[in-house]
Every structure is written in structure tokens, then in C-alpha cells.
Amino acid sequence: MQVTLQLEGVTFRHLVPDRERRFRRKLGPGIHDLDLSLGEGELVGLVGRNGAGKSTLLKVMAGILPVQHGVVRDRKGTAQPPEALRRMVGHMPEQVRWQGKRTPLAMLQELAVMDGGRLDLVQGAIRLVGLQEQMDLPMDALSQGMRQRLTLASAMLGSPEVLLLDEPYNGLDPAAARSLTRVLTRLAQRGVSVVISSHHLHQLEGVVNRLLLLDRGRLIAQGPADRLSDDLGLERPWETVVEGERPEVDDKVEDLGQRRWSIQGPRMSSELLTALEGREIIQHGRRKVNLADLLDRATGGEEE
Amino acid sequence: MARVAWLTGRRAARQWWSTRTVVALPLLLLAIPGSAWGLSDPKTTLPADIPLDTPMQMLFVSSLFILLTATLAAVLYAWDGVSRDRASGVLEVHLGRGMGRRGQATVIAASHLMVTTLPVLLLAMVAIVIIRIRTGAWASFGDSVVFLGSTVLVVTWYTAIALLASSYARDQGTAIAFGVGVWFLFTMLWLLVTSVLAGLAGIEVGSTANAQWVQFEAMVDLLSPNGVYHHLLELRLDGVDRGLGPGPVLLAALAWTVLPLWWFQRRIERLAP
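Going down the list, the sequences are from chains Z and U. Position in the first sequence (from 1) plus 32 gives the number in the numbering used here. Position in the second sequence (from 1) plus 16 gives the number in the numbering used here.
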């Protein structure tokens, strides 16, 4: 796979107030000595706890924060300064509160001019995120979901080679989230490398090819979610969800409400089927990978 | 360059058509053409025998009203020039664009300067015309240039200071406290600062007959944008000598123009959103 962006030993640390020396600042949290490569058309999930450095990493990759140590290379292997990164990367920050009487159309036109003046790309970006009906409304009148779409459109302007999305699913209703996933998949098929940051693993399920596990600014593990959990020795017991009367089984049964029950333990067998007779089987499969478990295992169970 | 100009014009137009103009414009109208109208009335007399015989003397006195309102308008437009976008996350979107940070700093500064200096400049010209109509005498070309130029400069200084303060503020409350605080310091409290400094230096405070105090006050005024503004205007007044030649005054004006704008640009270049 052709590499579109490569980070080698990249470090960035924020400056924070020094409590011991007034009016002085010291190096605080950030990302440390990070090596990472993004393949063409790859969909990557960036996960970690709050404060793990996900947003900082995205900002460094987007050329918004400088690289203090290390280097970021493009597809030709050439080291790129932040100005060049900003031209090749589209970045969607978390929860931008667009406000004012300006319309999304006017806002995107300004951003397109900042990118070099390709105003013809604005309509395409609006269509891509489904903002056609809202493009002439004042931004004050947009719902949170629509604002998310506007931020996404701003990241897509200029047809970037790499798209970095910070918590893009926040504030989106399920239909909008599904449509966002479709858009991202389509972009990846066209060769755009997409990085999606989230602290909810379930949002990335079935979307990303690879997970990057970030903890305290360090990349502690990476790979497909299932492989990661296997590599880390995480148990993923079988889970059966049924609707009806409480099942009479020896395994652990959890009440999910609305007469639904989750049975954790056995794989489907004729004995289990018999025990579940008269109930509707809603779901059966291996329990999904849980981010908290993944992080606990990867960090040896250390708390933040 | 064209893209900086386009963005500057668009941003300035947006600011002009905001509700802030509803507050700023009446103040500016009252203070600039309004004061020129009142001061050019032949029946007007001022306390302490302040002369109002020539158009330049009238413009000089009207500068007090300009200091109160034009600088306030500059702060009113610029106090959240950076902090608002920073708090909402829009600044992060801007800083992630292909346009360099220097260009973005130029757009922010130029648009704020445009939205305050242009109306103030226009109204200051109207003031000159009003004085001509009421007294029958034009301010000389040199007087007019100094009056208009220094008025634009003082608005520029306040805009740059307010933007700089805004770029350091992480929330709107701090931003407005910085903006109004700076305006209040230079407009209302500066005499107090000067008096305290004079007291510390062992200089008798307040007597205009005391040459040492007059010169000390003139020097401390170089550290205040309002003081430098008055120094510039005094260059065109006969019989005013506070012991400073035009050199230090022009140097201070240059420093007040260049340093805050340079600092602002540097700040935006290094800002972590």
C-alpha cells in the first residue's frame, strides 16, 4: 500500500503553567516520539482515553501545531513543514460552534479562498455532506448536527489527500452518522486516507481497517480491533441476546430491559437452543471489543 | 495579496453591518462632528482659558472627545477579534487552511483597522468641514494632515492592543476585561499613573508652572497612546512646549504603530488553538 503520510519520532508537548514558578510555563502533556504511517485509501481509527493526545496528534498531522522533534513525510518520503501539511491535509476539529449571521455557503467560500481560491469546490463539499437545504441559513440557525456537517465540509474543501476527523460522530443522529460513514468509505475508496478519532470504539466498528491505540501521548498498540484484542489476550466470550421470558441457563444472564436478556458464555449449541425455546434470538456472536478493556490490558491496567 | 484583500474586505463589511455599529456610530457622530460643531460656535468658552481661536485649536480640543469614543469603538470591535473564534473552535479551522498564519494575522488586523479607522477618518474630515462652515476658516493643509493622520494612528494603536489582548484571552470574560481594562487605563487612569510615578521620582505633582513636572508628564505620556496622540497634535500648536522635540514623539508614534502589530502577528504565528 502506498504511504501517504508518515510520522517519524514526532514529539509535541503543550506548554502548561508551572505551579512552582509563577508566570512561568513548563512542558506538559502531548505526544511523544510517535512513529506512524498512513496508507492510501486507509481508514484508521484513533482511540484512547480523554487526554491521551488524540486531538494533539491530529493537529500536528494537520500542520496546526508544529513538530518539536521528529519529521512528517509525504508520499514521496520528503519531510514536510506545517505549511505544506495544511495544503495536503483536511482537518475537522471537535465540536466547532459555528455562529453568526453568515451562511454556511459564505463561510465555506471564505475557507476556500484561504485554501487558494477554488470556489468551485464549495458546492461539491456542500452536496457531499448533505447541507444543500441549509446552505443559505444563518449559522446561528443550524443544529449541532448541521454544524458538524459544516465542519466536515470545511475539512473536505480542497480535495485533501488525508482527512483527519476529531470525534466526527458527536452530535450526529444515527441516520447522519450512517451517511457520514458512507461518505468516508467512498472517500477512502477514492484513495483518501482517513483518520477518525473517537473515545467510543463502537462508533468505529465496521468502519475502520486499523485501530491506533494512544495512551498518554504514546502509540501503545495498533492493528485491526479483533487482532488487537487477541494479541492482548482479551477474552471475548460469546453473547446471545434473546427476547421473551428470562432464560433458565447456568450462564450469566443480564437484563437488558424490555424483556431482552443477554446470555454470556456458551457458543450456540443444541442444548442452548433447547433452553431458549419459545424466545426470539435477536443476536448471537462474540462480545464486541471494549475500549476500556483494550486500554486496561494494553497499559497493564494502569489508571490515568 | 488579492486573497488577503478579499478576505479583509469581506470580514470588515461583516463587522460593519453588525450590531456593534449601532452602538459605535452614534458615539462617533456625537463626538467627532458634534464636538467640532460645538467648539466652533463663537459663543463657546472653555474653562482654564483654553484658547479656541484657530481651527487647529478647535481640532485639538475635539481630540479629547475622539479619545473617549473612537478608541472605545476600536475596543468595541476588536476585543473579541481572536478570542471569539478561538473559543468557538473556528480559529482552529482557519489555522488549518492553506493560507499562512502571517496572512491570517494580516486579515484579522487589517479588517479591524478598516472597520474603525475609515468611519473615524471620514467623520474627522467632516469635522474639518464643519469648522470651515462655522468659522469661515480652513484648518491649514499641514494641520489637517496631522489631525487626520494622528487620529487614524490612535485608533490603530487601540485596535492593535485590543487584538493582542484578545489573542491572549482564553475566554470571552477575560477578553472583555483586557480590552476595556486597557482602554480604561490609558483613558481614565493615566494621570493617576503619571502622578504616582512623579511622586516616586520626588517631583511635585500637578503644577503647570513646574517645568520639571511638565517635562516628566510629557515623557510618561510617550508610554500612553493617548499621550502620544496629544503630543502629535501639539506639534502643530503655537506656544506649546513641554520640553520634548518632535524626534521622541515621532519615534514613540512609530513604536506604538509597529510594535503591537508586529507582536500580534508573531502571536498569531505561534498560537496553539
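Glycine included, every Cβ here is placed at the ideal spot set by N, Cα and C.
By a C-beta neighbour count over all protein chains shown, 10 Å radius and 16 as the cutoff for buried, is residue i buried or exposed?
i        : result
U:ALA140 : buried
U:PRO42  : exposed
U:ARG102 : buried
U:ASN242 : buried
Z:LYS58  : exposed
U:TYR184 : exposed
Z:PRO49  : exposed
Z:ARG129 : exposed
Z:MET188 : buried
U:SER240 : buried
Z:GLN38  : buried
Z:ARG56  : exposed
Z:VAL274 : buried
Z:LYS91  : buried
U:THR24  : buried
U:ILE66  : exposed
Z:LEU66  : buried
U:ARG27  : buried
Z:GLU336 : Because Z:GLU336 sits at a pLDDT of 43, beneath the cut-off of 50, its placement in the model cannot be relied upon, and the following sentence gives the value as read from the coordinates. By the neighbour-count rule (16 or more Cβ atoms within 10 Å), Z:GLU336 is not buried but exposed.
Z:THR183 : buried
Z:ASP172 : exposed
Z:LYS284 : exposed
Z:GLN235 : buried
Please state the DSSP three-state secondary structure of residue i.
i        : result
Z:MET33  : coil
U:TRP33  : coil
Z:HIS316 : strand
U:MET130 : helix
Z:LEU86  : It is worth fixing the name first, because residue 86 of chain Z is Lys in this sequence and not Leu. Residue state, collapsed to three classes: helix.
Z:VAL42  : strand
Z:GLU74  : coil
Z:SER225 : strand
Z:ASP50  : coil
Z:GLU199 : coil
Z:LYS91  : helix
Z:ARG57  : strand
Z:GLY218 : Before going further, note that residue 218 of chain Z is Arg rather than Gly in the sequence given. Helix, per DSSP.
Z:ARG134 : coil
Z:ARG242 : strand
U:TRP95  : coil
U:ASP187 : coil
U:ILE124 : helix
U:TRP22  : helix
U:LEU137 : helix
U:THR60  : coil
U:LEU253 : coil
U:THR70  : coil
U:ARG258 : coil
On the premise that residue j lies in contact with residue i, defined as a C-beta separation below 8 Å, what is that separation, rounded to the nearest angstrom?
i        : j        : result
Z:ARG119 : Z:PRO170 : 30 Å between Cβ atoms; not a contact.
U:PHE280 : U:ALA176 : 6 Å
Z:PHE44  : Z:LEU97  : 5 Å
Z:THR213 : Z:VAL194 : At roughly 18 Å, the Cβ-Cβ gap does not stay under 8 Å, so Z:THR213 and Z:VAL194 are not in contact.
U:ILE146 : U:ALA52  : 4 Å
U:THR203 : U:VAL171 : At roughly 13 Å, the Cβ-Cβ gap does not stay under 8 Å, so U:THR203 and U:VAL171 are not in contact.
Z:GLY162 : Z:ARG181 : 6 Å
Please list the terminal residues of the continuous alpha helix (DSSP H) segment that includes residue i.
i        : result
Z:THR272 : Where Z:THR272 is concerned, there is no enclosing alpha helix (DSSP H), although the beta strand (DSSP E) it sits in stretches over 270 to 275.
Z:MET171 : Run containing Z:MET171: none; DSSP gives neither H nor E here.
Z:ASP262 : 257 to 263
U:ALA271 : 262 to 286
U:TRP53  : 49 to 55
Z:ASP282 : First-last for Z:ASP282: undefined, no H or E at that position.
U:THR210 : 206 to 216
Z:ARG159 : 152 to 161
U:GLY243 : 241 to 250
Z:SER301 : No alpha helix (DSSP H) holds Z:SER301; DSSP gives it neither H nor E.
U:TRP229 : 227 to 237
U:GLU108 : 106 to 111
Per DSSP, which one or two residues make a beta bridge with residue i?
i        : result
Z:ALA111 : Z:ARG105
Z:TRP293 : Z:VAL274, Z:ASP287
Z:ASP247 : Z:ARG250
Z:SER230 : Z:VAL79
Z:LEU68  : Z:LEU39
Z:VAL194 : Z:VAL121, Z:SER225
Z:ILE63  : Z:PHE44
Going by DSSP, what residue range makes up the beta strand (DSSP E) through residue i?
i        : result
Z:GLY122 : 121 to 124
Using beta carbons (cut-off 8 Å, strictly below), is residue i in contact with chain A?
i        : result
Z:GLY297 : Structure shown: chain A not included; protein chains present are Z and U.
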